[in-house]
Amino acid sequence: MTYTKQLSAAGAVLIMLVGAVLISGMAGCGEADRASGPELGAAAKTFDSDVPPMNPEQKACPICGNAIKENVYVDVDDEGTTKRIYFDSDQCKQLFQQNMETELMKFKSKMQAQSS
Ligand SMILES: [Zn+2]
């Protein structure tokens, strides 16, 4: 009797393992194009700010893809609401500001791609 119990327990573990591999395999697929990028830190939503982030899930600088910093940002008007976009450096922030309309559009379309 105990032998059968052990066997089914082993089967359950195996199923869980296969499930974990499948899930991690799927998650890795979407990240493939930035696999060589830097390690990203906290998301924008974890920052202590009065201004809501444009993308709460933002972790990467929209210009270069490095991890964002809480104190480097641009506040933009999003349909009447002020939203914050974070950067990793002043240079990237300036690049964004120089080309605000295009960069903002890129940022938003990337956001939509991520959420869908
Ligand atoms: Zn950057």
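Sequential numbering of the sequence shown, starting at 3, is according to our numbering. Positions of the beta carbon are idealized from the N, C-alpha and C atoms, including for glycine. What you are looking at is a predicted structure, and each value in this text was computed from that prediction instead of being measured.
How about residue i: is its Cβ closer than 7 angstroms to a heavy atom in ligand 1?
i          : result
residue 90 : yes
residue 68 : yes
residue 87 : no
For residue i, does the count of other Cβ atoms within 10 angstroms reach 16, so buried, or fall short, so exposed?
i           : result
residue 50  : exposed
residue 100 : exposed
residue 115 : exposed
residue 31  : Residue placement at residue 31 cannot be trusted, given a pLDDT of 47 that sits under 50; what the coordinates show is reported in the next sentence. By the neighbour-count rule (16 or more Cβ atoms within 10 Å), residue 31 is not buried but exposed.
residue 33  : With a pLDDT of 46 at residue 33, under the threshold of 50, the modelled position of this residue cannot be trusted; read the value that follows with caution. By the 10 Å Cβ count, residue 33 comes out exposed.
Could you check whether residue j and residue i sit closer than 8 angstroms to each other, using their CB atoms as the reference points?
i           : j           : result
residue 106 : residue 74  : no
residue 88  : residue 112 : no
residue 95  : residue 76  : yes
residue 97  : residue 65  : yes
residue 55  : residue 85  : yes
residue 90  : residue 69  : yes
Legend entry - Contained beta strand (DSSP E) runs [length at least 3] in the region 40 to 112, N- to C-terminal order: 71 to 80 and 83 to 89
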